[in-house]
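**Student:**
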Amino acid sequence: MAKYVYDFTEGNKDLKDLLGGKGANLAEMTNLGLPVPPGFTITTEACRHYLAKGALPDGLEEEIAGHLASLESAMGKRLGQADDPLLVSVRSGAKFSMPGMMETVLNIGLNDESVHGLAKQAGGNERFAWDSYRRLIQMFGKTVLGIDGERFEHALDELKGSRQDTELSAEELQGLVETYKGIVLEQTGKDFPADPREQMRLAIQAVFDSWNAPRAVLYRRQERIPADLGTAVNVVAMVFGNCGDDSGTGVAFTRDPGSGQQGVYGDYLPNAQGEDVVAGIRNTIPLQDLERLDKKSYDELMAIMATLENHYRDLCDIEFTIERGKLWMLQTRVGKRTAAAAFRIATQLVDQGLITMDEALTRVTGDQLAQLMFPRFGTDGERRLLTKGMNASPGAAVGKAVFSSERAVELAGQGEDVILVRRETNPDDLAGMIAARGILTSRGGKTSHAAVVARGMGKTCVCGAEELEVSPAERRFTAPGGVEVREGDVISIDGTTGEVFLGEVPVVDSPVVEYFEGKFDGRQIDDELVKAVDRIMRHADSARRLGVRANADTPEDAARARRFGAEGIGLCRTEHMFLGERRQLVEDLVLASTDEERQAALDALEPLQKNDFIGIFRAMGDLPVTIRLIDPPLHEFLPDIVDLSVKVARGEASDKERRLLDAVRRLHEQNPMLGLRGVRLGLVIPGLFAMQVRAIAEAAREVPGARPEIMIPLVGAVQELEIVREEAQKILADAGVDALIGTMIEVPRAALTAGQIAEAAQFFSFGTNDLTQMTWGFSRDDVEAAFFSRYLELGVFGVSPFETLDRDGVGRLVRIAAEEGRKARPDLKLGICGEHGGDPESVHFCHDAGLDYVSCSPFRIPVARLEAGRAALAEKNDSDTR
Ligand code: PEP
Ligand code: MG
641 MAKYVYDFTE GNKDLKDLLG GKGANLAEMT NLGLPVPPGF TITTEACRHY
691 LAKGALPDGL EEEIAGHLAS LESAMGKRLG QADDPLLVSV RSGAKFSMPG
741 MMETVLNIGL NDESVHGLAK QAGGNERFAW DSYRRLIQMF GKTVLGIDGE
791 RFEHALDELK GSRQDTELSA EELQGLVETY KGIVLEQTGK DFPADPREQM
841 RLAIQAVFDS WNAPRAVLYR RQERIPADLG TAVNVVAMVF GNCGDDSGTG
891 VAFTRDPGSG QQGVYGDYLP NAQGEDVVAG IRNTIPLQDL ERLDKKSYDE
941 LMAIMATLEN HYRDLCDIEF TIERGKLWML QTRVGKRTAA AAFRIATQLV
991 DQGLITMDEA LTRVTGDQLA QLMFPRFGTD GERRLLTKGM NASPGAAVGK
1041 AVFSSERAVE LAGQGEDVIL VRRETNPDDL AGMIAARGIL TSRGGKTSHA
1091 AVVARGMGKT CVCGAEELEV SPAERRFTAP GGVEVREGDV ISIDGTTGEV
1141 FLGEVPVVDS PVVEYFEGKF DGRQIDDELV KAVDRIMRHA DSARRLGVRA
1191 NADTPEDAAR ARRFGAEGIG LCRTEHMFLG ERRQLVEDLV LASTDEERQA
1241 ALDALEPLQK NDFIGIFRAM GDLPVTIRLI DPPLHEFLPD IVDLSVKVAR
1291 GEASDKERRL LDAVRRLHEQ NPMLGLRGVR LGLVIPGLFA MQVRAIAEAA
1341 REVPGARPEI MIPLVGAVQE LEIVREEAQK ILADAGVDAL IGTMIEVPRA
1391 ALTAGQIAEA AQFFSFGTND LTQMTWGFSR DDVEAAFFSR YLELGVFGVS
1441 PFETLDRDGV GRLVRIAAEE GRKARPDLKL GICGEHGGDP ESVHFCHDAG
1491 LDYVSCSPFR IPVARLEAGR AALAEKNDSD TR
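Going left to right, the sequence shown walks through residues 641 to 1522 as the working numbering numbers them.
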């Protein structure tokens, strides 16, 4: 029979699939002998069953009852026992952390009788007991019964007036419980359930259900967490942080998640329960102050944090509660961190002897590296500082201030950059946080919801800017000195320093880009980060098998790509060489009515092309340069059909323009992307490709060491390639130049007949932009704006296939082509030059598919190098564990 429930003593940290992150780590801490309240975990498997069938699996309730009985006997009291109640919390916990997205209910087991028993347990503390009871009804009402949380908060606010919640008396809280019960009856037509077991059962189901709450669905999509994992549920004996001044609750990191620095980082809230901290409801005190308040617990906490870091060999974040001077650990996990901290911590841990360089490489990602390459605010020029908050998630964000999640989504949808300004955020703000360039809050610490979620998303965030008076209803905030910022006013926020500026602050290069450019001046503030990036990049380079080339078509781009580590050019598009003043020559080419006229136009283009290639060959030295012959349809280089028609109709056109209009009409296509472009153009316009090949050969002759490779686009049949190749080979032979001749694989037919095509190609380069377009039948210029948001919403795919290579479909074609191509020609070189070449997941695919190199835009090259190293390690680790 399936086992759906595990006691904390039965699990361990490697069982995250089954027990969720929280459950697995609670078990791990229990087994380490740390002070964890006893409890048990209901598996994700039970959740998946419940969500699929709409009912709990057979036997689950009995299993839960059995574990509850053990818990009761361990604690020496029964759930909700009137004179001495055991209370439990019911907490969600999925495999991947989803901060605040799912539900948790505390204080289960309280009712009109057991509330007195609880007061007795707490030495006659009636206030504490009634506060716990009102919290149960409030959380249960919102989470389990689906009542609008505002109803409860409003009642609490009315009662509090200008006081803190800690100042409410036992009698007042008792009155509040009655008010809350009234709200439940009015909203649901039923009494608040007094039976503790029913409370627990309903709470467990509500946690399961919360897996599919809209904000959880949205978060998973954003973070690319699979939708079918389900959540585990942890039932944990309650410990109380709200028993008085010798109690409290807090969150802590074993090092600074913003910078990686070692030290004491965290927030503590005396006399409170956990949800108060994360929600930023009252202002927390720094964790250091706990030393003064309760030295014994503080010292114990520090020792536990050291144990956890050594055990997990990584930064951990923890949640803890102190109940009347006794420390309890409620959660730990390997903590989220900023991109800069990820690099720094990884190398710090290597230096401490805790991890190897291989592991350090697995601890950072290409996305994090990309974030570090974003520009940041410059210090020159006028900057009007409004205030300084906490530097919760780094980056430089500029945008119009908005004061609600809805407005953020609305304005961002219109293409505006916005900064979401809130007092504090809660999980309902998620959509707005995703839409905004940055997030600014006036309350809450570095561990508040806004900070945790923003860091996870890599979004700039300044939190706890307490000097700001934020009025969401009036859509404005007031800064010190009475400066008022209204919706639509532009502000700039610096998540690295916590500064908030009025107006737009100009941005400058990041130190990591300076480092790649060879321009970093060693300044101290960025030095540790740059050194960490350097070490990890070197290690990635030594680990990777994939080559990394650049998509570059100017000498400047080529030179930058080389500085960034490109080992060649994988795609030099020649289209731009037909633009600008050269359009004139293209027009002449199209209008030519005799061979002589056409040749004259080509002869005029050739030296210009040759010069373009000389510049690129010089920039790349003896590295290979793959030049793609012209690809887009010719009409793209001609005047617009409408403008020209108007001019002709008005009688303002010259004779040439009238002839041009005829040509434009002739060349007009309904589906130009499927029309006369690529190799087809080369076959239809005699001499065009030959001119380009001659220009390449002549340029190569002038630059010693140049290594041109000639690439034919849009081939679908080997016959097309054979014709072009024959002509090109002859030109190269005449010039005495050696160059590989290969093709792009971007038409599905080419992939499916790769065995034939490889007979005529020395290399393949997968043009996955077109290959994706043609495999899915998606117009690459139109669909993303037209309907991809709907497709993402419907879960047709979790990410656009133009962004991350679709392994199942497009990837299958790539594998077929690679395999059949290599069978026909074992030394066939394989690369990719679509946009996917710089996308982390796609780089892993390319490694797995056995390609020789990826080619991407210069700025993505470091990302591709890093991910190529990680892909090689992943393969190694896979085979090690097999
Ligand atoms: C491709 O199709 O993937 C490609 C690199 O070519 P282009 O984007 O120029 O069509
Ligand atoms: Mg293409």
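Glycine included, every Cβ here is placed at the ideal spot set by N, Cα and C.
Can you list, in chain order, the residues of its chain with a C-beta nearer than 7 angstroms to that of A1330? Leave out the 5 residues immediately preceding and following it.
**Tutor:** Cβ within range, chain order: E1367 and I1371.
**Student:** Can you tell me whether P1120 is buried or exposed? The criterion is at least 16 other CB atoms within 10 Å of its CB, across all chains shown.
**Tutor:** Exposed, by the Cβ-count rule.
**Student:** Report the rounded CA-to-CA distance for D991 versus A1000, giving the unit in angstroms.
**Tutor:** Cα to Cα, D991 sits roughly 11 angstroms from A1000.
**Student:** Going by DSSP, name the residue or residues bridged to C1473.
**Tutor:** Answer by DSSP bridge pairing: none, since C1473 is not bridged.
**Student:** Let me confirm a value: D1518 is counted as buried when at least 16 other C-beta atoms fall within 10 Å, else exposed. Which label applies?
**Tutor:** So D1518 counts as exposed.
**Student:** If you drop the 5 nearest sequence neighbours on each side, which residues of the same chain put their C-beta closer than 8 angstroms to that of A1458?
**Tutor:** Excluding residues within five positions, the ones whose Cβ falls inside 8 angstroms are A1394, F1404, L1470, A1489, G1490 and L1491.
**Student:** Heavy atom of the ligand PEP less than 7 angstroms from the Cβ of L1211, yes or no?
**Tutor:** True, at least one ligand heavy atom lies under 7 angstroms from that Cβ.
**Student:** Could you give the C-beta distance for M1384 and R1298, rounded to a whole number, given that I count them as a contact under 8 angstroms?
**Tutor:** M1384 to R1298, Cβ: 37 angstroms. No contact.
**Student:** Taking the beta carbon of E1196 as the centre, do at least 16 other beta carbons fall within 10 Å, making it buried, or is it exposed?
**Tutor:** Result: exposed.
**Student:** Apart from the five residues just before and just after G1451, which ones in its own chain have a Cβ nearer than 8 angstroms to its Cβ?
**Tutor:** Only L1445, F1485 and A1489 meet the Cβ criterion.
**Student:** Let's see if you can read the secondary structure: which residues bound the beta strand (DSSP E) around G661?
**Tutor:** That residue, G661, is in no beta strand (DSSP E); its alpha helix (DSSP H) goes K656 to N671.
**Student:** Identify every residue that forms a DSSP beta bridge with T1027.
**Tutor:** In DSSP, T1027 forms a bridge with V1140.
**Student:** Can you tell me whether K643 is buried or exposed, with buried defined as 16 or more other CB within 10 angstroms of its CB?
**Tutor:** So K643 counts as exposed.
**Student:** Could you tell me whether the Cβ atoms of V1524 and I1397 are closer together than 8 angstroms?
**Tutor:** Residue 1524 lies beyond the residue range present for the chain, which begins at 641 and ends at 1522; the question has no answer from this structure.
**Student:** Beta carbon of T978: closer than 7 angstroms to some heavy atom of the ligand PEP?
**Tutor:** Result no, Cβ not under 7 angstroms from the ligand PEP.
**Student:** Can you say whether D934 is buried or exposed, counting buried as having 16 or more other CB atoms within 10 angstroms of its CB?
**Tutor:** Classification of D934: buried, given that the 10 Å Cβ count is 16 or more.
**Student:** Using the beta-carbon count (16 or more within 10 Å), is R1522 buried or exposed?
**Tutor:** Because the pLDDT at R1522 is just 47, under 50, the model does not fix this residue reliably, and the point stays unresolved.
**Student:** Measuring alpha carbon to alpha carbon, tell me which of V1058, R1189 and V857 ends up nearest T871.
**Tutor:** Answer by Cα proximity: V857.
**Student:** If you follow the beta strand (DSSP E) that P1264 is in, where does it begin and where does it stop?
**Tutor:** P1264 to R1268 is the span of the beta strand (DSSP E), which, as asked, contains P1264.
**Student:** Secondary structure at I962, three-state DSSP: helix, strand or coil?
**Tutor:** The answer is strand: DSSP assigns I962 an E or B state.
**Student:** With a Cβ-Cβ cutoff of 8 angstroms, do G764 and A722 count as a contact?
**Tutor:** Going by C-beta atoms, G764 is not nearer than 8 angstroms to A722.
**Student:** Can you give the beta carbon distance from R1083 to G1104, rounded, assuming they're within the 8 angstroms contact cut?
**Tutor:** Confirmed, Cβ separation roughly 6 angstroms.
**Student:** If you measure between the beta carbons of R1095 and P926, is that distance less than 8 angstroms?
**Tutor:** No, the pair does not count as a contact, with Cβ atoms beyond the cut-off.
**Student:** Could you tell me whether any non-hydrogen atom of the ligand MG is closer than 7 angstroms to the CB of G1029?
**Tutor:** For the ligand MG, not one heavy atom lies less than 7 angstroms from the Cβ of G1029.
**Student:** Just the Cα atoms here: how many angstroms apart are K1159 and G1018?
**Tutor:** Their Cα atoms are separated by approximately 16 angstroms.
**Student:** Which class does V755 belong to by DSSP, given the choice of helix, strand or coil?
**Tutor:** It is helical.
**Student:** Which one of E685, R964, G888 and T1005 has the shortest CA to CA distance from E1481?
**Tutor:** Cα-wise, what sits closest to E1481 is T1005.
**Student:** Going by the CB atoms, is the gap between A1198 and I1256 shorter than 8 angstroms?
**Tutor:** A contact, by the Cβ cut-off of 8 angstroms.
**Student:** CA-CA distance, L1513 and I1501?
**Tutor:** Going from the Cα of L1513 to the Cα of I1501 covers about 19 angstroms.
**Student:** Across which residues does DSSP place V1288 in a beta bridge pair?
**Tutor:** In DSSP, V1288 forms no bridge with anything.
**Student:** For L1012, which three-state DSSP category applies?
**Tutor:** Of the three classes helix, strand and coil, the one that applies to L1012 here is helix, per DSSP.
**Student:** From L1411 to I1079, what does the alpha carbon distance come to, in whole angstroms?
**Tutor:** Rounded to the nearest angstrom, the two C-alpha atoms are 38 angstroms apart.
**Student:** Quick one: residues with CB closer than 7 angstroms to any heavy atom of the ligand MG, in chain order, please.
**Tutor:** Per the Cβ criterion, the list is D1271, P1353, L1354, M1384, E1386, G1407, N1409 and D1410.
**Student:** If you compare alpha carbons, which of M840, G781 and A1172 is closest to L1575?
**Tutor:** Any property of residue 1575 remains undetermined from this structure, which presents the chain solely from 641 to 1522.
**Student:** Helix, strand or coil for R1522? Go by DSSP, reduced to three states.
**Tutor:** Legend: pLDDT at R1522 = 47, less than 50; position of this residue unreliable, value from coordinates given subsequently. It is coil, neither helix nor strand.
**Student:** Output yes or no for whether 8 angstroms exceeds the beta carbon distance between G1474 and G1407.
**Tutor:** Yes, the pair counts as a contact, with Cβ atoms nearer than the cut-off.
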